Every structure is written in structure tokens, then in C-alpha cells.
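*Asks:* Every number in this note's numbering is 592 more than the matching position in the sequence shown, counting from 1.
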Amino acid sequence: MLRRYGAEVSERPSIEIDERRARFDFFTDLCERLHARYADLDEGEPAAYIPELAGVDPDRFGIAAVTVDDHDVRVGDCGHAFTIQSISKLLLYGLALETHGREYVLERVGVSPTGESFNSIELDEEHRRAPNPMVNAGAIAVTDMIEGAGLEERIARVGETFERYLGRRPEIDRAVWSSERQTGNRNRAIAYLMLSHGIIGPRVEETLDLYFGQCSVLVTAADLALIGATLANYGVNPRTGERIVPADVVRDMLTIALTCGMYDYAGEWAYTVGVPAKSGVGGGILGVLPGVGGLAVFSPRLDPHGASVRGLRVFEEVSREFDMHLFDPARPWQRVVAPA
Ligand code: DON
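1) Measuring alpha carbon to alpha carbon, tell me which residue in G686, H692, V873 is nearest V837.
2) First and last residue of the beta strand (DSSP E) that includes R666?
3) Report the option in E860, S771, I782, R780 whose CA atom is closest to the CA atom of S808.
4) Determine the DSSP secondary structure at V697, reduced to helix, strand or coil.
5) Could you give the residue range of the alpha helix (DSSP H) that holds V796?
6) Apply the 10 Å Cβ neighbour rule to R721 and answer buried if 16 or more other Cβ atoms are within range, or exposed otherwise.
7) Whose CA, out of P762, E624, E714, N777, lies closest to the CA of S680?
8) Just the C-alpha distance for V865 and E608, rounded to the nearest angstrom, thanks.
9) Could you give the DSSP three-state label for I877: helix, strand or coil?
10) Which residues count as close to ligand 1 when the rule is a CB under 5 Å from any of its heavy atoms, in chain order?
11) Quick check: the Cα distance between E860 and G853, rounded to an integer number of angstroms?
12) Which residue marks the beginning of the beta strand (DSSP E) containing L887, and which one marks its end?
13) Let me make sure I understand the geometry here. Which of G707, V841, R893 has the alpha-carbon closest to that of R694?
14) Just curious, the alpha helix (DSSP H) that S788 is in, first and last residue?
15) R571 to P896, Cα distance in whole Å?
16) What residues are listed by DSSP as bridge partners for D716?
17) Once the 5 residues before and after I732 are set aside, which same chain residues still bring their CB inside 8 Å of it?
18) Counting only the same chain and skipping the five closest in sequence on each side, list residues whose C-beta sits under 7 Å from that of L918.
19) Which of the three DSSP states is assigned to A646 in this structure?
20) Could you check the C-alpha separation between G751 and L633 for me, to the nearest Å?
21) With a cut-off of 8 Å, do at least 3 Cβ pairs link the segment 828-836 to the segment 906-923?
22) So, for A656: in the same chain, excluding its five sequence neighbours on each side, which residues have a beta-carbon less than 6 Å away from its beta-carbon?
23) Can you check whether the CB of P725 is closer than 9 Å to the CB of A748?
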């Protein structure tokens with residue numbers, strides 16, 4: 593399904609609209625070309641450390657984008673559901689900031705990139721907090737902040753957050769949830785270490801269960817692109833018009849996504865791709881171009897950093913060919929302030 597940008601305003605032709613339509617058509621064509629180019633790339637394997645993930649179809653491949661004015665690009669397996677995994681960390685960080693405010697969150701979770709892998713057992717000893725909300729330590733500390741009397745209430749709170757972003761009630765992959773619960777001992781170690789430092793509260797097993805549950809939420813590439821478009825639109829879902837998250841919270845979410853979203857690859861990512869992004873071991877990568885839209889790639893074969901191999905390639909190419917890098921001097925949308 594493909595909708596062309598600006599189709600409904602074609603009776604009001606203008607240079608700007610023509611230029612934007614041409615760029616949308618170019619972008620759509622680029623996604624189609626990149627899908628064809630990388631469909632046979634079979635480097636990497638699906639995540640195996642969560643046994644249930646090892647069995648996913650490794651060759652699925654989808655590229656989806658949604659613009660801030662709700663126009664779609666969908667190429668390949670954009671309707672195929674997979675677990676969101678670490679991409680959930682970004683949304684939950686937003687929820688924590690909105691619920692508790694910056695100061696409270698910053699006391700427990702910092703904003704420093706670690707240069708370490710996502711599951712590193714590393715805390716910011718000086719400030720007695722997790723290094724950042726994208727590595728597992730920080731994400732578990734953020735999950736600890738989700739309010740509610742018990743697991744059921746807290747998981748409902750997570751579900752509501754997803755529902756607002758997706759415009760529908762999300763499902764959880766219970767097999768993946770239970771697989772993570774059974775094998776997530778490294779996360780257990782991180783959580784108990786944080787308990788010993790007083791970073792998180794005593795309901796550790798419940799918080800871990802919630803964390804595994806949020807990672808097991810099923811999404812599609814099209815869903816992720818819509819989430820990206822909502823963030824690109826400073827917190828307003830372009831499909832429903834509903835404000836999902838305050839604009840100043842989005843600013844903090846995107847800053848962290850740019851500096852920490854790709855973990856120990858974040859520096860290279862910022863250099864080569866240059867947009868806030870988040871990867872997940874389910875095979876999704878979500879990127880956000882503020883003021884323009886969200887781009888999502890789904891392909892379960894992962895590189896050693898736990899990011900989708902085809903996803904990385906597609907983002908690199910889009911950045912280059914579409915001038916997507918935030919600091920790219922050729923970005924046409926930087927010329928919004930025209931000289932008088
Ligand atoms: O904590 C875990 O192991 C997973 N549930 C999430 C990991 C993840 O997606 C890392 N990102 N690439």
C-alpha cells in the first residue's frame with residue numbers, strides 16, 4: 593500500500609508542494625531499491641540468547657516510513673509482527689520522564705553513552721545510578737519507575753502507553769516473554785546489583801517480569817514507523833492527532849536515542865547515519881528525522897552489536913542518498929527560514 597505525498601492537495605500546485613512530492617517519490621523509490629538490493633543479504637543470525645527468538649524466520653524484511661503528515665511508505669514485510677525488544681526502552685523512558693519528571697529520573701538513570709554492549713554489568717558508581725536508559729541497567733531502572741499495585745496494573749500501564757502510540761491495543765508474545773523470564777539471568781544480576789545500590793526498589797522479580805513483558809510486545813515495521821513519526825512530530829500522533837507525549841519529553845527521548853540508542857555502535861551510527869534511533873534484538877530499527885517522519889526497518893539477522901544487519905545498511909544508504917543526517921548541509925528542509 594502506497595500513498596503519494598501531497599496527492600490530496602494537487603489542485604493547489606506550488607513549487608514547494610511539487611518539491612516535497614518529488615522528494616517523497618524519490619524516497620519511496622529509494623526504499624524499494626534498497627529492499628531489492630539487500631533482500632539477498634544473509635549475514636548475521638537472529639538472536640539466539642533468547643531461545644524463542646532463535647526460531648523466527650530470518651529472511652523477513654520490511655521497510656516502512658510514516659511522515660509527520662501521515663503519508664506511508666511500505667515495502668516488503670511491513671505487516672509482519674515481531675517483538676519490539678529494546679525499542680520499548682525509548683517509549684518507557686518517555687513515560688518515566690512524563691510521570692516523575694527529569695530530576696527524579698536523572699537521580700537513578702544518567703545520560704552517558706557507555707561504549708559497552710547493551711547487557712553490560714556496569715553502573716555509574718560515582719552517581720550511584722545506571723549509565724543511561726538504553727542499556728539494560730537503565731531500562732530496568734526505568735521499568736522500576738512504572739507505577740501500579742502489582743504486575744497486572746503495571747503491565748496495563750505499559751499496554752496503555754503502547755496503545756496510544758500504535759492506535760490499537762498491543763499483544764504480547766507470551767512464548768518470548770516466558771523464554772526471557774527463564775533465561776534472563778544476566779538481567780537478574782544487573783537488577784539485583786542495582787537493588788544493592790538502592791537504585792531500584794525491592795520488587796525486583798516483578799520489575800524484571802515487567803521488563804521482559806515490555807520487550808515481548810508485538811509490533812510491525814509499519815507500527816514502528818508510526819511511533820517514529822509521532823516522535824518526529826514532537827509527540828503528536830499524526831494519524832490520530834492525539835498528543836501522546838509532551839514535546840519537551842520528546843526532546844529528551846530523541847537526545848538519548850541519538851547518543852545511546854545504538855549502544856556501543858552509537859558513535860559510528862551518529863557519524864554515518866546521524867539520526868536518533870533505537871535497535872531491538874527482534875530485528876527492528878527505528879529512526880526519527882525530527883519534523884519529517886519515522887523510518888523503520890525489520891530484518892531479524894543481527895550483527896554482533898545486536899542490531900539488524902540489513903537495517904544498518906538501509907539506514908546508511910538512506911542517510912547518504914536522502915541527505916537524512918541531522919547535520920547534512922544538503923538537507924532541503926533546513927532551508928525553512930528563507931532569506932528575506
Ligand atoms: O534485555 C534483553 O535481553 C532483551 N529483552 C532486550 C535486548 C535488546 O533488544 C537489545 N537491543 N538490541
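Beta carbons are placed, not taken as given, at the ideal position from N, Cα and C, and that holds for glycine. These numbers come from a predicted model, not from an experiment.
*Replies:* From the atom records:
1) Looking up residue 837 in the sequence shown gives position 245. Among G686, H692, V873, the Cα nearest to that of V837 belongs to G686.
2) Here residue 666 refers to the residue found at position 74 of the sequence shown. It spans 664-668 - the beta strand (DSSP E) in which R666 sits, taken as one unbroken run.
3) Indexing the sequence shown from 1 puts residue 808 at position 216. Of E860, S771, I782, R780, the residue nearest in Cα terms is S771.
4) Stepping through the sequence shown from its first residue, residue 697 is reached at position 105. Helix.
5) In the sequence shown, residue 796 corresponds to position 204, counting from 1. V796 -> alpha helix (DSSP H) spans 796-807.
6) To locate residue 721, count along the sequence shown from 1; it is residue 129. So R721 ends up on the buried side.
7) Along the sequence shown, one-based indexing puts residue 680 at 88. Among P762, E624, E714, N777, the Cα nearest to that of S680 is on P762.
8) Indexing the sequence shown from 1 puts residue 865 at position 273. Indexing the sequence shown from 1 puts residue 608 at position 16. Roughly 26 Å separates the two Cα atoms.
9) Walking along the sequence shown from the start, residue 877 turns up at place 285. In the structure shown, I877 sits in a strand (DSSP, three-state: E or B).
10) Q677, S678, F710, N728, C807, S871, G872, V873, G898
11) Locating residue 860 in the sequence shown gives position 268, where the first residue counts as 1. Locating residue 853 in the sequence shown gives position 261, where the first residue counts as 1. Using only the alpha carbons, I get a separation of about 12 Å.
12) By one-based count along the sequence shown, residue 887 stands at place 295. First-last of the beta strand (DSSP E) with L887: 885-890.
13) As a working mapping, residue 694 is identified with position 102 in the sequence shown. Among G707, V841, R893, the Cα nearest to that of R694 is on V841.
14) Working through the sequence shown from its first residue, we reach residue 788 at position 196. Taken as a continuous stretch (DSSP letters only), the alpha helix (DSSP H) holding S788 covers 777-788.
15) Because the chain is modelled from 593 through 932, residue 571 falls outside the range shown and cannot be assessed.
16) Walking along the sequence shown from the start, residue 716 turns up at place 124. Answer by DSSP bridge pairing, in chain order: R721.
17) Here residue 732 is taken as the residue at index 140 of the sequence shown, counted from 1. The answer, listed in chain order, is A722, N779, I782, A783, M786, I792, T799, L800, Y803.
18) Along the sequence shown, one-based indexing puts residue 918 at 326. Excluding positions up to five away in sequence, the list reads G866, V867.
19) Counting from 1 along the sequence shown, the entry for residue 646 is found at position 54. A646 falls in the helix class under three-state DSSP.
20) As a first step, residue 751 is located in the sequence shown; it is residue number 159 there, counting from the start. As a first step, residue 633 is located in the sequence shown; it is residue number 41 there, counting from the start. Each residue's Cα considered, the two are about 35 Å apart.
21) no
22) Here residue 656 is taken as the residue at index 64 of the sequence shown, counted from 1. The residues are R666, C670, A813, A814, A817, A888.
23) Along the sequence shown, one-based indexing puts residue 748 at 156. Along the sequence shown, one-based indexing puts residue 725 at 133. Cβ distance not < 9 Å, so A748 and P725 don't count as in contact.
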